[in-house]
Amino acid sequence: MQLLRKFRGANNEGSLALILLVVVLGMSLLNPVFFSVNTAFSILRAATVPMILALAVLLVIISGGIDVSFPVVAIGSAYTAVTICLKTGFDPGLPAIFGMAIVIGGLLGLVNGFVIAKFRLPTLIVTLGTQGIFFGAMLVYVGTRYYPTLPDSMAALSAVNVVELTTSAGRAYLHVLVLLSIAIALIIWAVLKYTMFGRSLYAIGGDAEGARRAGIRVVRTQLWIYVLVGMVAAIGGVAYVVMSRSANPQDLVGGELDIIAAVVLGGASIFGGRGSVLGTVLGVLLIQVINNSLLLVGVPSAWLRAAVGLLLILGVGAQAVSARRSAQRIHTVDTGEAVRLELEKVS
Amino acid sequence: MKTEQAQPQAAENSLAAMNNRIGRVVTEAVGRTLRDRGVSRMLIALVVAFGFFAIMRPRIFLGPINLQNIMVAAPEVGVIAIAMMLAMLTGGIDLSLVSIANLSAVTMSTLFTAMAASNPAFGESMTVPIILIGLVVGAACGLLNGLLISLVGITPILATLATMQILNGLAVVWTGGKTLYGAPAALTTFGKTAIGPVPMLFIVFVLVAIVIATVVRSTALGRKLELQGANPVAARFSGIPSRSVLISSYTIGGLLAGLAGVLFLCRNPTASADYGASYVLLVIVIAVLGGTNPNGGFATVAGVVLATLTLQVVASGFTALRLSPYQYSIAQGVILVVVMILDTIQWSRPKWRKRGVTTDSASLQTTQVGTIKKDKEQE
Numbered sequence: 293m294q295l296l297r298k299f300r301g302a303n304n305e306g307s308l309a310l311i312l313l314v315v316v317l318g319m320s321l322l323n324p325v326f327f328s329v330n331t332a333f334s335i336l337r338a339a340t341v342p343m344i345l346a347l348a349v350l351l352v353i354i355s356g357g358i359d360v361s362f363p364v365v366a367i368g369s370a371y372t373a374v375t376i377c378l379k380t381g382f383d384p385g386l387p388a389i390f391g392m393a394i395v396i397g398g399l400l401g402l403v404n405g406f407v408i409a410k411f412r413l414p415t416l417i418v419t420l421g422t423q424g425i426f427f428g429a430m431l432v433y434v435g436t437r438y439y440p441t442l443p444d445s446m447a448a449l450s451a452v453n454v455v456e457l458t459t460s461a462g463r464a465y466l467h468v469l470v471l472l473s474i475a476i477a478l479i480i481w482a483v484l485k486y487t488m489f490g491r492s493l494y495a496i497g498g499d500a501e502g503a504r505r506a507g508i509r510v511v512r513t514q515l516w517i518y519v520l521v522g523m524v525a526a527i528g529g530v531a532y533v534v535m536s537r538s539a540n541p542q543d544l545v546g547g548e549l550d551i552i553a554a555v556v557l558g559g560a561s562i563f564g565g566r567g568s569v570l571g572t573v574l575g576v577l578l579i580q581v582i583n584n585s586l587l588l589v590g591v592p593s594a595w596l597r598a599a600v601g602l603l604l605i606l607g608v609g610a611q612a613v614s615a616r617r618s619a620q621r622i623h624t625v626d627t628g629e630a631v632r633l634e635l636e637k638v639s
Numbered sequence: 497m498k499t500e501q502a503q504p505q506a507a508e509n510s511l512a513a514m515n516n517r518i519g520r521v522v523t524e525a526v527g528r529t530l531r532d533r534g535v536s537r538m539l540i541a542l543v544v545a546f547g548f549f550a551i552m553r554p555r556i557f558l559g560p561i562n563l564q565n566i567m568v569a570a571p572e573v574g575v576i577a578i579a580m581m582l583a584m585l586t587g588g589i590d591l592s593l594v595s596i597a598n599l600s601a602v603t604m605s606t607l608f609t610a611m612a613a614s615n616p617a618f619g620e621s622m623t624v625p626i627i628l629i630g631l632v633v634g635a636a637c638g639l640l641n642g643l644l645i646s647l648v649g650i651t652p653i654l655a656t657l658a659t660m661q662i663l664n665g666l667a668v669v670w671t672g673g674k675t676l677y678g679a680p681a682a683l684t685t686f687g688k689t690a691i692g693p694v695p696m697l698f699i700v701f702v703l704v705a706i707v708i709a710t711v712v713r714s715t716a717l718g719r720k721l722e723l724q725g726a727n728p729v730a731a732r733f734s735g736i737p738s739r740s741v742l743i744s745s746y747t748i749g750g751l752l753a754g755l756a757g758v759l760f761l762c763r764n765p766t767a768s769a770d771y772g773a774s775y776v777l778l779v780i781v782i783a784v785l786g787g788t789n790p791n792g793g794f795a796t797v798a799g800v801v802l803a804t805l806t807l808q809v810v811a812s813g814f815t816a817l818r819l820s821p822y823q824y825s826i827a828q829g830v831i832l833v834v835v836m837i838l839d840t841i842q843w844s845r846p847k848w849r850k851r852g853v854t855t856d857s858a859s860l861q862t863t864q865v866g867t868i869k870k871d872k873e874q875e
């Protein structure tokens, strides 16, 4: 029992890993083509950008907020950086382009963070508003043009693979940006686990008032959360532009709820205070694996959205039911806990 | 009041009394409406926006075509916004409304095409049953939301996020991602008719608004919805059946979304899974602008109607000024953020220090209660 509980993990990572394993095994039995390096590499490739964006959202969700402006921040900062390079005809090199996008993303995040932290408004509403503002501003002041070719340094990166293998099913490529997403996952994991900043995210998400009393500068931390989210999203945006080998300002936008669904599937609590990098990574991977296997079994990819929705209901529903069960089992008079569970149940 | 109701002695007297009474009722109603922050500020915003564009481009903006366009475009968004307001009133949110509306439109279009394939006249004669089925589909989806939220106990934002994905996925699979053509001709003609200058669609919108406003304001259900949103725990201890209240709230929301699906078909005899994707977040904007408290417990239908019209006026005004839809997107965001900021400054300055930073008012309230208790204990 103890072992089982440990395996399940704090946020159901264990169950998620088990589901992932079952899906992979089942698919491999059904269709041996699935179990190949090629499939693994292509899934990793497809998961790269959603992974980076999901990790950005994870930070906000742990802190008890929700952000719907991150896809616009991502594509906006990447598109702006590309536009500047192409308009001036000067290619400053990859680090500078990434740097430029990160600065823009950070500034956009600062706007979010400032309004949210300063005026203490609901995060969903504020980011809804800024989403419209950022999107409009990008298209009005930066441009609406689709760029089919990127600056040379970015175009060169598009074709770089870390691993190239020749397997029986053809050549398999592992794109270099997959490493970037892994690096970001590791950094965010370390930040969440070992830094004061990361721990205060959990504290604020758990109880903002409690965090304030414990001496955490809530307002300042919140400001930094959104700046950080903007910066990570900008990296995701540049990665997206590089991998799609073109810059289209209308891309990514509208996919915010899909990413949030992946994060929630990964065990993060929408109320804040709970969530892990491992869970998010598994959530994103699970969605990509399902997407890939649906195609292989011959189910149209249109079913993907429905499948993700169903998984979400099963995952969150199981959590809700087990929370209710444990609430019924414990007959303590700890009203604080009872009220919290009650609230979770009714809200 | 009672003396006025008592038998009037002279005809003249009774007329004066009647006048007096009507006058009082009207001022009272107007006064009460204006006290609701959503209504008064949206009324001002509507008048300002209307006046601004009317002065800037009187010929285009005040032209009958433009005014009619505003009234034809507003209903579908407005009806979904009212449904969103209902969900927010109970402290929840409903992200699946647009998917429900599209699913209902797709169902109706498919049914009609199937029926009209063999015999067009038969398809036409089945218009009313088809509409009813569309509404039933909407209500059933809403019921599903309600059950997931109240019985299973999933948070509204997650439950409706999931059903949004599922229903939208179903519609995509069903249509194969293509746009379906075909709707009863009666619906299309209904969408084009108007009583005087007012399109029928707009009348439907106003009727829906009046019905929902009556439900919220003057029925037991409406009161329960408000209490449930204002303080779920208190509502529970007051013997309010949270489950059935939540279920009816989301079912009515689904029904309204189904109606929005009918309105989609009235405007255009086409249905697709992706129609109005931008509406999902737009209706949240409208509901919040209309004075709905996103944490629950407070909402006015009048405010939501005015907010719908304001955004529609700004949208068509921007078109009249030859500004791009992207500039309208900026304006929409700025309006939302500025209104929210003005709200905080007006309403919460006195207790600036005491407020927590959580978005969840319920947890906020409990933390405040908890801290107050602790403070007292320390004393």
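Chains W and B are the protein sequences, given in the same order. Each residue of the first sequence is one higher than the one before, starting from 293 at the first, in this note's numbering. Each residue of the second sequence is one higher than the one before, starting from 497 at the first, in this note's numbering. Yeah, the Cβ is synthetic: ideal placement off N, Cα and C, and Gly gets one too.
CB of residue i within 8 Å of CB of residue j, strictly
| i | j | result |
| --- | --- | --- |
| residue 800 of chain B | residue 581 of chain B | yes |
| residue 555 of chain W | residue 353 of chain W | yes |
| residue 810 of chain B | residue 545 of chain B | yes |
| residue 528 of chain W | residue 338 of chain W | no |
| residue 526 of chain W | residue 394 of chain W | yes |
| residue 372 of chain W | residue 396 of chain W | yes |
| residue 417 of chain W | residue 836 of chain B | yes |
| residue 825 of chain B | residue 427 of chain W | yes |
| residue 742 of chain B | residue 614 of chain B | no |
| residue 398 of chain W | residue 483 of chain W | no |
| residue 782 of chain B | residue 769 of chain B | no |
| residue 576 of chain B | residue 599 of chain B | no |
| residue 766 of chain B | residue 682 of chain B | no |
| residue 340 of chain W | residue 469 of chain W | yes |
| residue 751 of chain B | residue 574 of chain B | no |
| residue 829 of chain B | residue 725 of chain B | no |
| residue 551 of chain W | residue 336 of chain W | no |
| residue 438 of chain W | residue 538 of chain W | yes |
| residue 717 of chain B | residue 744 of chain B | yes |
| residue 348 of chain W | residue 524 of chain W | yes |
| residue 383 of chain W | residue 445 of chain W | yes |
C-alpha distance - residue i paired with residue j, whole-angstrom precision
| i | j | result |
| --- | --- | --- |
| residue 700 of chain B | residue 715 of chain B | 21 Å |
| residue 813 of chain B | residue 377 of chain W | 36 Å |
| residue 611 of chain W | residue 494 of chain W | 19 Å |
| residue 611 of chain B | residue 679 of chain B | 11 Å |
| residue 602 of chain W | residue 659 of chain B | 8 Å |
| residue 466 of chain W | residue 453 of chain W | 5 Å |
| residue 851 of chain B | residue 635 of chain B | Unreliable placement is indicated for residue 851 of chain B, whose pLDDT of 43 sits below 50; the coordinate value is still reported in the next sentence. Straight-line Cα distance between these residues: approximately 39 Å. |
| residue 853 of chain B | residue 565 of chain W | Note that residue 853 of chain B has pLDDT 43, beneath the 50 cutoff, so the model's placement of it is unreliable and the number below is only indicative. Their backbone Cα atoms lie some 14 Å apart in a straight line. |
| residue 389 of chain W | residue 374 of chain W | 8 Å |
| residue 560 of chain B | residue 790 of chain B | 36 Å |
| residue 370 of chain W | residue 543 of chain W | 11 Å |
Segment limits, alpha helix (DSSP H) that includes residue i
| i | result |
| --- | --- |
| residue 378 of chain W | 362–380 |
| residue 455 of chain W | Where residue 455 of chain W is concerned, there is no enclosing alpha helix (DSSP H), although the beta strand (DSSP E) it sits in stretches over 453–459. |
| residue 426 of chain W | 415–429 |
| residue 775 of chain B | 775–785 |
| residue 720 of chain B | 716–726 |
| residue 330 of chain W | 329–354 |
| residue 390 of chain W | 386–411 |
| residue 311 of chain W | 305–322 |
| residue 489 of chain W | 488–498 |
| residue 810 of chain B | 797–816 |
| residue 555 of chain B | 554–557 |
| residue 445 of chain W | 444–450 |
| residue 434 of chain W | Taken as a continuous stretch (DSSP letters only), residue 434 of chain W belongs to no alpha helix (DSSP H), as it is neither H nor E. |
Boundaries (first-last residue) of the beta strand (DSSP E) holding residue i
| i | result |
| --- | --- |
| residue 465 of chain W | 462–467 |
Beta-bridge partners of residue i, as assigned by DSSP
| i | result |
| --- | --- |
| residue 694 of chain B | B/691 |
| residue 767 of chain B | B/676 |
Contacts of residue i in chain A (Cβ-Cβ under 9 Å)
| i | result |
| --- | --- |
| residue 620 of chain W | Of the chains in the structure shown, none is chain A; the protein chains are W and B. |
Which parts of the region 604–664 of chain B are runs of the alpha helix (DSSP H), unbroken and 4 residues or longer, counting only runs that do not cross its ends?
616–621, 623–643
Segments of 4+ residues assigned as alpha helix (DSSP H) that fall wholly inside the region 535–592 of chain W
548–557, 569–589
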